[in-house]
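What follows is a short report on a single structure.
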């Protein structure tokens, strides 16, 4: 994969920014993941110090933070890559960026709807079991018989049926 169409400017000054360890810590990504993002064009080539260390500028830090949020919401890598390319192409791509984000928001909303349904099913099942416990019933609606303290009860479960 090629990097996004943006290369750091060559200057005689040392690039200013945080190192990869600090970027990893603040973003929650591993250093390997940050390097992968760079290789895959999810973030532009990161300027290096004279010692060869990456220097994440405030702009790159903000971009990584946005990418983390997009990834958290399940945005596909290809969409993230396209978004970054558009960012690097400038303001003329604002509408295309809005389109990508809007389409993804629709997917996020649908995912949230499905999760809310699943959550509701969990709540219903929890209430069902709490009700059974409160009534002293098993799953078949029969009263639970508790053995007296001097009885020994063994349970046999056939896992092969």
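Residue numbers (my numbering): 8 to 168.
All C-beta atoms in this analysis are idealised placements derived from N, C-alpha and C, irrespective of residue type, glycine included.
- Three or more beta-carbon pairs separated by less than 8 Å are not found between the region 126 to 142 and the region 98 to 117, which leaves the two stretches without contact.
- Taking 7 Å as the cut-off, the Cβ atoms of residue 94 and residue 34 do not count as close.
- Counting C-beta pairs closer than 8 Å gives fewer than three between the region 72 to 86 and the region 96 to 104, which falls short of the contact rule.
- A Cβ-Cβ contact shorter than 7 Å links residue 27 with residue 38.
- In this model, residue 113 and residue 70 are separated by some 22 Å (Cα to Cα).
- With a beta-carbon spacing of about 4 Å, residue 61 and residue 53 fall inside the 8 Å limit used to define contacts.
- Rounded to whole angstroms, the separation of the alpha carbons of residue 151 and residue 133 is 18 Å.
- DSSP, read as helix, strand or coil, puts residue 41 in helix.
- Each residue's CA atom was taken as its position, placing residue 31 and residue 128 some 37 Å apart.
- Residue burial annotation: residue 59 is exposed, with fewer than 16 other C-beta atoms found within 10 angstroms of its C-beta.
- By alpha-carbon distance to residue 146, the top candidate from 153, 154, 135 is 135.
- In the DSSP assignment, residue 150 is bridged to 144.
- Residue 61 sits in a strand when the DSSP states are folded into three classes.
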